[in-house]
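Participant: Could you have a look at this structure, given as structure tokens, before my questions?
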Amino acid sequence: MVSPVGFAAQASLLAVRVWPSQEYTRITLEGSGTLRYNHMLVQGPDRLVVDLEGVQLNSVLQSLPSKVLDSDPYIRLIRAGQNRPGVVRVVVELKAPINPQVFTLAPVGDYGHRLVLDLHPTEEHDPLLALIMKDSPLDAAAGDTAQSSAQASTANTRPAPEERSTARRAEPNVKRLFTVVLDPGHGGEDPGAIGRAGSYEKNVTLSIARRLKRKIDAESNMRAVLTRDGDYFVPLGQRVTRARRVRADLFVSIHADAFVKPEANGSSVYVLSERGATSTAARWLAQKENDADLVGGVNLARQDGHIARTLLDLSQTATINDSLKLGRAMLGEIGGINRLHKSDVEQAGFAVLKAPDIPSVLVETAFISNPQEERRLNDEAYQDKMANALLRGIKRYFEANPPAGPARVAQLG
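Basically the working numbering = 1-based index in the sequence shown + 1423.
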């Protein structure tokens, strides 16, 4: 039998991190060896209790309380103490009941052994579903501004009895509302590529995506949805599933490229390939992006079989052809603000592009590994120019290839 001292030597705590979001909060405990644990939920008040076996209380664990933000929707506070020799007890005091997922991750990249505590609400929060679950199409089309609310209120006001007519009312003029899902790459435990000046790809992609969302929402016939709107991790399969859940017309994944040589530069657009990558670089990039689940940390025991089947469904030639059209429209616009790394749309097996029925592209906005482009990626003016270029590409695509069939989200004209 291995003594607690032996375990302590193998599994000292190296780091603790907390990633809050409205969707769920993740707590990550990183150790030098495999972390052995037991956990239980306790009520009155609600608490998640985790016993770490074979570790000793150290300054890393004692820093846990300082990691919790007052704005965290699920955690009130965290405390850790030496419960008994060789066992540290971590108590997470909760603001609301949760459905916890607790699992371990093997070392990958710069991370050692990780124990992950995902605190999901008992009633799943899904901001994407809100887009298609409004009381009326007009509500779905309206934004969050006072003007939109006033318009919705006016539209929903019933006429006074004396204004009613027995004549047949005209059918409302319904305009199709195009839904674009924007996917800021990486997030949370997965920083993506890191520039020489310390810039994180996950922060750049989220900033550009938010800018593009505001511009799309300002269009009269389009609305955008983000797969993440904060610094937290979303598995690749979930990003695809969320796009399908809102019946997206387009899916745009936003990234910032990196390469081992700092002189590599330029912007690129990629779509899915059925027959292998169009270049060695495209194959390498797809593999790197597909490893995001390993870095970000996916609970494999909870993966949905339907998601797995969707990701393996490559019988989507028509969708890929539409993706190529979208990619070319975007590439033509991006070329006006930055050098193109490749003049043609490239293809490879990107997992995040495998929605079988949604034209999907992955945009590498610039090389964050290039010092000059890293500075540009952090410049608000460049981010705005990139968002404008992507918007023009999206509009060009819709003008030439209007989606067929009705949409769940529509706009009353």
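Built from N, CA and C at the ideal position, the CB exists for glycine as well. Note that the coordinates shown come from a computational prediction; the quantities given were computed from them, not determined experimentally.
Going by beta-carbon coordinates alone, are valine 1531 and valine 1472 separated by less than 8 Å?
Facilitator: Walking along the sequence shown from the start, residue 1531 turns up at place 108. Walking along the sequence shown from the start, residue 1472 turns up at place 49. No, Cβ-Cβ distance for valine 1531 and valine 1472 is not below 8 Å.
Participant: State the Cα-Cα distance for the pair serine 1630 and glutamate 1697, rounded to the nearest angstrom.
Facilitator: Here residue 1630 corresponds to residue number 207 of the sequence shown, with the count starting at 1. Here residue 1697 corresponds to residue number 274 of the sequence shown, with the count starting at 1. When rounded, the distance between both Cα atoms is 31 Å.
Participant: Less than 8 Å between the CB atoms is what I'm expecting for glycine 1608 and isoleucine 1677, so what's the real figure, rounded?
Facilitator: Position 185 of the sequence shown, counted from the first residue, corresponds to residue 1608. Position 254 of the sequence shown, counted from the first residue, corresponds to residue 1677. Yes, glycine 1608 and isoleucine 1677 are in contact; Cβ-Cβ is about 6 Å, under 8 Å.
Participant: Using 8 Å as the Cβ pair cut-off and three pairs as the minimum, do the stretch 1706 to 1723 and the stretch 1631 to 1644 touch?
Facilitator: no
Participant: Mind checking whether lysine 1765 and serine 1691 have CB atoms under 8 Å apart?
Facilitator: As a position in the sequence shown, residue 1765 is number 342, starting the count at 1. As a position in the sequence shown, residue 1691 is number 268, starting the count at 1. The answer is yes: Cβ separation under 8 Å.
Participant: Among residues of its own chain, excluding the 5 on either side of glutamate 1769, which ones have a beta-carbon nearer than 7 Å to its beta-carbon?
Facilitator: Looking up residue 1769 in the sequence shown gives position 346. Excluding positions up to five away in sequence, the list reads Ser1691, Tyr1693, Thr1701, Ser1702 and Ala1705.
Participant: Using the C-alpha atoms, what's the distance from phenylalanine 1790 back to phenylalanine 1682?
Facilitator: In the sequence shown, the residue the question calls residue 1682 occupies position 259. In the sequence shown, the residue the question calls residue 1790 occupies position 367. Going by the C-alpha atoms only, they are around 8 Å apart.
Participant: Can you tell which of Ile1501, Tyr1623, Asn1713 and Thr1457 has the C-alpha that lies nearest to the C-alpha of asparagine 1801?
Facilitator: Against the sequence shown, residue 1801 aligns to sequence position 378. Of Ile1501, Tyr1623, Asn1713 and Thr1457, the residue nearest in Cα terms is Tyr1623.
Participant: From valine 1657 to glutamine 1479, what distance separates their C-alpha atoms?
Facilitator: Locating residue 1657 in the sequence shown gives position 234, where the first residue counts as 1. Locating residue 1479 in the sequence shown gives position 56, where the first residue counts as 1. Their Cα atoms are separated by approximately 32 Å.
Participant: Rounded to the nearest angstrom, what separates arginine 1762 and glutamate 1547 at their Cα positions?
Facilitator: Position 339 of the sequence shown holds residue 1762. Position 124 of the sequence shown holds residue 1547. Within the model, the alpha-carbon separation for arginine 1762 versus glutamate 1547 is close to 43 Å.
Participant: Between the C-alpha atoms of alanine 1827 and valine 1784, what's the straight-line distance to the nearest angstrom?
Facilitator: Translated into positions along the sequence shown, residue 1827 becomes position 404. Translated into positions along the sequence shown, residue 1784 becomes position 361. Cα-Cα distance, rounded: 19 Å.
Participant: Say whether the stretch 1532 to 1539 touches the stretch 1442 to 1451, bearing in mind that this needs 3 or more beta-carbon pairs closer than 8 Å, one atom from each stretch.
Facilitator: yes
Participant: Note down the Cα distance separating alanine 1671 from arginine 1665, rounded to an integer number of angstroms.
Facilitator: Taking the first residue of the sequence shown as 1, we reach residue 1671 at position 248. Taking the first residue of the sequence shown as 1, we reach residue 1665 at position 242. Cα to Cα, the separation comes out at about 9 Å.
Participant: Provide the residue span of the alpha helix (DSSP H) that contains proline 1794, from first to last.
Facilitator: Along the sequence shown, one-based indexing puts residue 1794 at 371. Looking at the DSSP string, the run of the alpha helix (DSSP H) that includes proline 1794 is 1794 to 1800.
Participant: State the Cα-Cα distance for the pair glutamine 1524 and valine 1669, rounded to the nearest angstrom.
Facilitator: The count along the sequence shown starts at 1 and reaches residue 1524 at position 101. The count along the sequence shown starts at 1 and reaches residue 1669 at position 246. The alpha-carbon atoms of glutamine 1524 and valine 1669 are separated by roughly 25 Å.
Participant: Could you tell me which of Asn1506, Pro1496 and Val1510 sits nearest to leucine 1458, measuring between CA atoms?
Facilitator: Position 35 of the sequence shown, counted from the start, is the residue given in the question as residue 1458. Taking only the C-alpha atoms, the option nearest leucine 1458 is Val1510.
Participant: In or out: proline 1782 buried (at least 16 other Cβ within 10 Å) or exposed?
Facilitator: Residue mapping note: residue 1782 aligns to position 359 of the sequence shown, counting from 1. With 16 or more other Cβ atoms within 10 Å, it is buried.
Participant: Determine contact between the stretch 1754 to 1761 and the stretch 1643 to 1652, defined as no fewer than three beta-carbon pairs at a distance below 8 Å.
Facilitator: With the cut-off at 8 Å, the stretch 1754 to 1761 and the stretch 1643 to 1652 do not touch.
Participant: Buried or exposed, going by whether 16 or more other CB atoms sit within 10 Å of the CB of threonine 1788?
Facilitator: Position 365 of the sequence shown holds residue 1788. When all chains shown are included, threonine 1788 counts as buried.
Participant: So for serine 1676, helix, strand or coil by DSSP?
Facilitator: Working through the sequence shown from its first residue, we reach residue 1676 at position 253. The three-state secondary structure of serine 1676, taken from DSSP, is strand.
Participant: Taking Cβ to Cβ, would you say alanine 1823 is nearer than 8 Å to phenylalanine 1674?
Facilitator: Along the sequence shown, one-based indexing puts residue 1823 at 400. Along the sequence shown, one-based indexing puts residue 1674 at 251. No, the Cβ-Cβ distance between alanine 1823 and phenylalanine 1674 is not below 8 Å.
Participant: Give the DSSP bridge partners of histidine 1543, in chain order.
Facilitator: If you number the sequence shown from 1, residue 1543 lands on position 120. Answer is Asn1522.
Participant: Smallest Cα separation from glutamate 1516: which of Leu1487, Gly1755 and Val1483?
Facilitator: Here residue 1516 refers to the residue found at position 93 when the sequence shown is read from its first residue. It is Leu1487.
Participant: Look up arginine 1668 in the DSSP assignment and say whether it is helix, strand or coil.
Facilitator: By one-based count along the sequence shown, residue 1668 stands at place 245. Of the three classes helix, strand and coil, the one that applies to arginine 1668 here is helix, per DSSP.
Participant: Aspartate 1780 to leucine 1814, Cα distance in whole Å?
Facilitator: Indexing the sequence shown from 1 puts residue 1780 at position 357. Indexing the sequence shown from 1 puts residue 1814 at position 391. Computed Cα separation, rounded: 21 Å.
Participant: Apart from the five residues on each side of it in sequence, which residues of its chain come closer than 8 Å, Cβ to Cβ, to arginine 1732?
Facilitator: As a position in the sequence shown, residue 1732 is number 309, starting the count at 1. Low local confidence applies: a pLDDT of 46 at arginine 1732 is under 50, so the model's placement there is unreliable, and no value is given.
Participant: DSSP three-state label for leucine 1600, please.
Facilitator: As a first step, residue 1600 is located in the sequence shown; it is residue number 177 there, counting from the start. Residue state, collapsed to three classes: coil.
Participant: DSSP has serine 1783 in a bridge; who is on the other side?
Facilitator: Sequence index remark: in the sequence shown, residue 1783 carries index 360 (1-based). Paired residue(s): Phe1674.
Participant: From glycine 1699 to threonine 1740, what distance separates their C-alpha atoms?
Facilitator: Mapped onto the sequence shown, residue 1699 falls at position 276. Mapped onto the sequence shown, residue 1740 falls at position 317. Each residue's alpha carbon lies about 14 Å from the other.
Participant: By the DSSP assignment, the beta strand (DSSP E) with isoleucine 1760 in it spans what residues?
Facilitator: As a first step, residue 1760 must be located in the sequence shown, where it is residue number 337. That residue, isoleucine 1760, is in no beta strand (DSSP E); it is neither H nor E in DSSP.
Participant: Per DSSP, which one or two residues make a beta bridge with aspartate 1613?
Facilitator: Sequence index remark: in the sequence shown, residue 1613 carries index 190 (1-based). Its beta-bridge partners are Gly1610.
Participant: Taking the Cβ atom as the reference point for each residue, do leucine 1437 and glycine 1535 lie within a distance shorter than 8 Å?
Facilitator: Locating residue 1437 in the sequence shown gives position 14, where the first residue counts as 1. Locating residue 1535 in the sequence shown gives position 112, where the first residue counts as 1. Closer than 8 Å, so yes.
Participant: Identify the residues that DSSP records as bridge partners of glutamine 1505: which are they?
Facilitator: As a working note, residue 1505 is residue 82 in the sequence shown. Partner residues in the beta bridge of glutamine 1505, as assigned by DSSP, are Val1511.
Participant: Looking at C-alpha atoms only, which residue of Val1604, Val1775, Asn1481 and Val1786 is the closest neighbour of threonine 1650?
Facilitator: Walking along the sequence shown from the start, residue 1650 turns up at place 227. Ranking Val1604, Val1775, Asn1481 and Val1786 by Cα distance to threonine 1650 puts Val1604 first.
Participant: CA-CA distance, aspartate 1567 and tyrosine 1460?
Facilitator: For the purposes of this step, residue 1567 is taken as residue 144 along the sequence shown, with counting starting at 1. For the purposes of this step, residue 1460 is taken as residue 37 along the sequence shown, with counting starting at 1. Low local confidence applies: a pLDDT of 40 at aspartate 1567 is under 50, so the model's placement there is unreliable, with the coordinate-based value given in what follows. Aspartate 1567 and tyrosine 1460: Cα-Cα distance of roughly 44 Å.
Participant: Taking DSSP as the reference, what is the three-state secondary structure of alanine 1790?
Facilitator: As a first step, residue 1790 must be located in the sequence shown, where it is residue number 367. The residue asked about is misnamed: residue 1790 is phenylalanine in this sequence, not alanine. In the structure shown, phenylalanine 1790 sits in a strand (DSSP, three-state: E or B).
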